[in-house]
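Trainee: So the sequence shown is numbered by this note's numbering: it starts at 366 and just counts up by one.
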Amino acid sequence: MSKKPRKQVSFDQVLAALLDTNQPFPARFLHRFSDLSPEDLERLKKVWGQVPVERRVALMEDLEMLAEADTLVSFDELSKFALDDEEPRVRAGALSLLWECQDPHLINKFIQMMEEDNDEIVRAQAASTLAQFVYMGEVEELPEATLHMVEDHLLSTLSRDRSALVQWRALEALGFSSRQEVPTLILRAYTSNDPAWIASALFAMGRSADPAWGQHVVRMLDHPDFDVQLEAVRAAGELEVEEAREPLLNMLEEGIEDEEVRMAAIWSLSQIGGEGVQQALERLLAETEDDDEAAFIEDALDNLSFNEGVMPFGMFEFEIQDEKDLDHIIDLESEMDDEEDLDEDMLARLN
């Protein structure tokens, strides 16, 4: 017997549940905040002030978790509205939900929040959110004047904001930038002997697409500070530092106690590739008894195959029936070659 289709939850039900503080807000209602219609958004605005602060905060946190798990949802309209919430945790949550939103009309709002908000977490999150516009400018998806304007404000924040947290996030956002002064700022942070600044510098290095940072990254792979080591491992993968291959393989061989560093090492090896990587990942896959870890390693193996140019067709057994099938395969291979050319072009522009 086939299942009956799930009935669409009305927005009246969602608003009623949001205002009912005697009951937990149902998780199954969260999807209704995705792609809000103008009418539903206006109705939400009218009752938003009646929703207790802690419930608004919890809602933003739940929506962020859902967005991480489901790439098809979009909470942009709610988040844009929530940027002006009186509660800083809600504003910070709204910024987090907008980290992939590429609407250039938000740039001035993000800059204003980075420079003027009275909460340092909000200012720091606004700086982080501006990183995507630096990247867009570098790949010529924003006007050059807009890119320079964003960079100028990030540079000003880096030098003037009294909060180290905000400064770290501004530096990390500038990691995408090809501005002449940025490498000096990254190197200054790297040589500061402050683990927090070193971690931020490594984060920025990973975004730079500049292989010249490779030797600095490798030096920090065995740093005793957790954050520094983690960012070094991640940066090694982002920059595809071949010199990091053996240290990372040794780390996995010896066993890494921290799960986050272990997962980062696995993924970075899938980005670097080369001798011994596939065998090491396959061995880890065979040894693990954790389903989530197994799925992650399988994704890493897929990523390794993609990065090393192994076509997915080899994963399947099929027969070419006629010339149409052959033409289709040739077309797909041509599309993949075009994508590789685009990737090389993007890296060239970033350098």
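Beta carbons are placed, not taken as given, at the ideal position from N, Cα and C, and that holds for glycine.
Considering only residues of the same chain and omitting the five flanking positions on each side of I464, which have a CB-CB separation below 6 angstroms?
Mentor: Note on identity: in this sequence residue 464 is Trp, with Ile being the wrong assignment. Correct list, in chain order: T494.
Trainee: Under the three-state reduction of DSSP, which class applies to A600: helix, strand or coil?
Mentor: Of the three classes helix, strand and coil, the one that applies to A600 here is helix, per DSSP.
Trainee: Determine the DSSP secondary structure at L512, reduced to helix, strand or coil.
Mentor: Helix, per DSSP.
Trainee: Take every Cβ of the stretch 625-641, pair it with every Cβ of the stretch 666-676, and state whether three or more of those distances are shorter than 8 angstroms.
Mentor: These segments touch.
Trainee: Consult DSSP for D657 and reduce its assignment to one of helix, strand or coil.
Mentor: D657: helix per DSSP, three-state reduction.
Trainee: Beta-carbon separation of L443 and L462 under 9 angstroms?
Mentor: Their beta carbons are under 9 angstroms apart, which means L443 touches L462 by this criterion.
Trainee: Using CA atoms only, rank isn't needed, just tell me which of D377, F390, Q532 and E509 is closest to L520.
Mentor: Checked all of D377, F390, Q532 and E509; the closest Cα to L520 is Q532.
Trainee: With burial defined as no fewer than 16 other Cβ atoms inside 10 Å of the residue's Cβ, what is the status of D435: buried or exposed?
Mentor: Label assigned to D435: exposed.
Trainee: I'd like the list of long-range same chain contacts for K410, defined as Cβ closer than 7 angstroms, with 5 residues on each side in sequence excluded.
Mentor: The residues are F446.
Trainee: Have a look at A561, E619, D575 and L431 and flag the residue whose alpha-carbon is nearest the alpha-carbon of E596.
Mentor: Taking only the C-alpha atoms, the option nearest E596 is A561.
Trainee: Which stretch, first to last residue, makes up the alpha helix (DSSP H) that contains M430?
Mentor: M430 -> alpha helix (DSSP H) spans V418 to A434.
Trainee: Just how far apart, CA to CA, sit M628 and R527?
Mentor: When rounded, the distance between both Cα atoms is 34 angstroms.
Trainee: Would you report the Cα separation of F376 and A510, rounded to the nearest angstrom?
Mentor: F376 and A510: Cα-Cα distance of roughly 42 angstroms.
Trainee: Taking only the alpha-carbon atoms, compute the straight-line gap between D623 and V418 and give it to the nearest angstrom.
Mentor: Distance between the alpha carbons of D623 and V418 is about 35 angstroms.
Trainee: Is the Cβ-Cβ distance between V583 and P548 less than 9 angstroms?
Mentor: For V583 and P548, no; Cβs fall outside 9 angstroms.
Trainee: On a Cα-Cα basis, can you pick out the residue from G620, E618 and P576 that is closest to A601?
Mentor: A601 has its Cα closest to that of P576, out of G620, E618 and P576.
Trainee: Is it right to say F591 is buried, meaning 16 or more other beta carbons lie within 10 angstroms of its own, or is it exposed?
Mentor: Flag for F591 reads exposed.
Trainee: Give the DSSP-derived three-state secondary structure of A392 in the structure shown.
Mentor: Here A392 sits in helix by DSSP.
Trainee: So S439 packs on S402, CB below 8 angstroms; how close in whole Å?
Mentor: With a Cβ gap of about 13 angstroms, S439 and S402 do not count as contacting.
Trainee: Who are the Cβ neighbours of L384 in its own chain at under 7 angstroms, not counting the five residues just before and after it?
Mentor: Contacts found: V412, Q415 and V416.
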